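Colleague: Let me give you the structure first, and then I'll get to my questions.
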Amino acid sequence: MEKRVNVWTCLILIICLYIPSISPETETKAEKQCTGGDDPDSSNKGCGCAATNRKHDDKGEGADQSERADELSSSAEKGPLNLGPAAVKSPYARTNQMVYIPGGVFTMGVAQPILPGDGEGPPREVEVTGFYMDVHEVSNAEFGLFVNDTGHVTEAETFGDSFVLETRISEEVLKGISQAVAAAPWWLPVKGADWRHPDGPDTDLKGRMDHAVIHVSWNDAVAYCKWAGKRLPTEAEWEYACRGGLKDRLFPWGNKLTPKDEHRLNMWQGEFPKENTKADGFDGPAPVTSYPPQNKFGLKNMVGNVWEWVSDWWNIRHTTDFKKDPKGPDSSSDKVKKGGSYMCTKEFCYRYRCGARSQNTPDSSAGNLGFRCAADQLPQYLDIPEKDEL
Ligand SMILES: *[C@@H]1O[C@H](CO)[C@@H](O)[C@H](O)[C@H]1NC(C)=O
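Residues -24 to -1, 1 to 366 (mature numbering (1 follows the signal peptide of the UniProt record, and there is no 0)) are what the sequence shown spells out, left to right.
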């Protein structure tokens, strides 16, 4: 198993290195290894960020899929209680607080795209109306409240599998897997992997209740936010919130990855996918409360930790016309995700940047993909947290 994967990893790296880039003048040495070109079909597949898609042999286009969010509910072990988000009681510390993000005009997108195939550019002026944003990514504890209350069954549970990073899977479970993702051999579809079994059927949430929930599809995320009296943020809202009032910066706090040699996000250190040195403190998904707030809005883990679904359909061509509260294209096959994950390195997936983006089909799930919610109005059951509680 290990030998086959190493060969594949090498092949992918070699292919990545030789894909000619469309805009070479914007490339640096490290970035060169992972540009997928400007072709929408090949865009960023080389890095595996978008490789964790479900096959759609027996199903329609993505547009039909989004209706599944409403259909997805049946009886779970203990649910449904149908108390609603205001009445549910959690045995865990709550992390569902929101902060107000004052509206404003900002430059969305990247002037010198690092991954042009992702549609990072061109930069465009966008106005965002004030809104509320979750301080944290949704944790297993918060998602568990929703599941207990509604009986929601996630798509990974319905399909019976989800993608897990190979190095996180036990030897026992690995033995039974023969199929890998050609474009990203470190992703393996694991039967019985779902939010409650994050690294495969022989793992559970013990000690991980405060970690970001993973193996949730876009449809699952929509259903959770709806239950919570919230909604998914648009890509424009997400990026505006990420940039935190700074202009033309890579990260929510500026351009330096580790200011004062302090780690500000959960990413991959070391040679991906072989070894994560955990210099930032974490191997896989981290508690949603990890690290200080990443910018002046008080938001945590906007970049790094887990990818976050946003509401927009994916495309890579954007008008530079001024837009107010843009919601993305009317439809396409994929949904946008933002922020990168604990699996990102500069060489393999330089997407832990506010302007970076990637995509998956709305029914897809993986071990590095989660979400947070936004809202036009603060749900009545929530108070604005004091700054020092964040
Ligand atoms: C969900 O219900 C189960 C069974 O009653 C319970 O053990 C668990 O703590 C609940 N989860 C949350 C997040 O409250």
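Note that CB positions come from ideal geometry on N, CA and C, so glycine has one too. From a predicted model like this one, the values you see are computed outputs, not experimental measurements.
Any idea if residue 70 is buried or exposed, counting beta-carbon neighbours within 10 angstroms, 16 or more meaning buried?
Modeller: The residue you call residue 70 lines up with position 94 of the sequence shown. By the neighbour-count rule (16 or more Cβ atoms within 10 Å), residue 70 is not buried but exposed.
Colleague: Can you find at least 3 beta carbon pairs, one from the segment 139 to 148 and one from the segment 101 to 117, that sit closer than 8 Å?
Modeller: The segment 139 to 148 is not in contact with the segment 101 to 117.
Colleague: Would you kindly work out how many angstroms separate the C-alpha atoms of residue 316 and residue 216, rounded to a whole number?
Modeller: On the sequence shown, position 340 is the one that residue 316 refers to. On the sequence shown, position 240 is the one that residue 216 refers to. Rounded to the nearest angstrom, the two C-alpha atoms are 16 Å apart.
Colleague: Can you tell which of 302, 246 and 102 has the C-alpha that lies nearest to the C-alpha of residue 81?
Modeller: As a first step, residue 81 must be located in the sequence shown, where it is residue number 105. Selected option, being the one with the closest Cα: 102.
Colleague: Kindly list the residues whose CB is nearer than 8 Å to the CB of residue 230, restricted to its own chain and excluding five residues on each side of it in sequence; keep chain order.
Modeller: Position 254 of the sequence shown, counting from 1, holds the residue named residue 230. These residues qualify, in order along the chain: 222.
Colleague: Quick one: give me the first and last residue of the alpha helix (DSSP H) that residue 118 is part of.
Modeller: Reading the sequence shown from its first residue, position 142 is the one you call residue 118. Run containing residue 118: 116 to 126, per the alpha helix (DSSP H) assignment.
Colleague: Quick check on the burial criterion: 16 or more other C-beta atoms within 10 angstroms. Buried or exposed for residue 353?
Modeller: Taking the sequence shown and counting its residues from 1, one reaches residue 353 at position 377. Exposed, by the Cβ-count rule.
Colleague: Should residue 67 be counted as a contact of ligand 1 given a C-beta to heavy atom distance under 7 Å?
Modeller: In the sequence shown, counting from the first residue as 1, residue 67 sits at position 91. Checking the Cβ of residue 67 against ligand 1 gives yes.
Colleague: I'd like to know whether the C-beta atoms of residue 163 and residue 24 end up nearer to each other than 8 Å.
Modeller: To locate residue 163, count along the sequence shown from 1; it is residue 187. To locate residue 24, count along the sequence shown from 1; it is residue 48. Closer than 8 Å, so yes.
Colleague: Can you round the beta-carbon distance between residue 138 and residue 169 to whole angstroms, since I take them to be within the 8 Å contact cut?
Modeller: Working through the sequence shown from its first residue, we reach residue 138 at position 162. Working through the sequence shown from its first residue, we reach residue 169 at position 193. Yes, they are in contact, since the Cβ atoms of residue 138 and residue 169 sit about 4 Å apart, within 8 Å.
Colleague: Grab the span of the alpha helix (DSSP H) containing residue 100 for me, first residue to last.
Modeller: One-based indexing of the sequence shown puts residue 100 at position 124. Element bounds for residue 100: not the alpha helix (DSSP H) but the beta strand (DSSP E), 100 to 104.
Colleague: Under 8 Å by Cβ, that's how I've got residue 340 and residue 154 pegged, so tell me the actual separation to the nearest angstrom.
Modeller: Within the sequence shown, residue 340 is the residue found at index 364, counting from 1. Within the sequence shown, residue 154 is the residue found at index 178, counting from 1. Contact doesn't hold; Cβ gap of about 21 Å is too wide.
Colleague: When you compare only the Cα positions, how much space is there between residue 234 and residue 240?
Modeller: For the purposes of this step, residue 234 is taken as residue 258 along the sequence shown, with counting starting at 1. For the purposes of this step, residue 240 is taken as residue 264 along the sequence shown, with counting starting at 1. Residue 234 and residue 240: Cα-Cα distance of roughly 7 Å.
Colleague: So, for residue 201: in the same chain, excluding its five sequence neighbours on each side, which residues have a beta-carbon less than 6 Å away from its beta-carbon?
Modeller: Taking the sequence shown and counting its residues from 1, the one referred to as residue 201 is at position 225. So the qualifying residues of the chain are 207, 208 and 349.
Colleague: Tell me which same chain residues have a C-beta within less than 6 Å of the C-beta of residue 278, skipping the five on either side of it?
Modeller: For the purposes of this step, residue 278 is identified with residue 302 of the sequence shown, where counting begins at 1. Closer than 6 Å at the Cβ level, and outside the excluded window around residue 278, lie 218, 228, 270 and 315.
Colleague: When every heavy atom of ligand 1 is checked, does at least one fall within less than 7 Å of the C-beta of residue 124?
Modeller: Reading the sequence shown from its first residue, position 148 is the one you call residue 124. Checking the Cβ of residue 124 against ligand 1 gives yes.
Colleague: Would you list the residues sitting across from residue 81 in a DSSP beta bridge?
Modeller: To locate residue 81, count along the sequence shown from 1; it is residue 105. Paired residue(s): 103.
Colleague: Go to residue 133, then tell me how far its alpha helix (DSSP H) extends in each direction, as first and last residue.
Modeller: On the sequence shown, position 157 is the one that residue 133 refers to. Unbroken alpha helix (DSSP H) run through residue 133: 131 to 135.
Colleague: Under three-state DSSP, which class holds residue 318?
Modeller: Counted from its first residue, the sequence shown places residue 318 at position 342. Coil, per DSSP.
Colleague: Would residue 166 pass as a contact of residue 189 if the rule is Cβ separation under 8 Å?
Modeller: Locating residue 166 in the sequence shown gives position 190, where the first residue counts as 1. Locating residue 189 in the sequence shown gives position 213, where the first residue counts as 1. The answer is no: Cβ separation not under 8 Å.
Colleague: Any C-beta of chain E sitting closer than 8 Å to the C-beta of residue 304?
Modeller: Of the protein chains in the structure, only one exists, and it is not chain E.
Colleague: Within 7 Å: the Cβ of residue 120 and any heavy atom of ligand 1?
Modeller: As a position in the sequence shown, residue 120 is number 144, starting the count at 1. Within the cutoff, so yes.
Colleague: From residue 245 to residue 257, what distance separates their C-alpha atoms?
Modeller: Counting from 1 along the sequence shown, the entry for residue 245 is found at position 269. Counting from 1 along the sequence shown, the entry for residue 257 is found at position 281. Cα to Cα, the separation comes out at about 10 Å.
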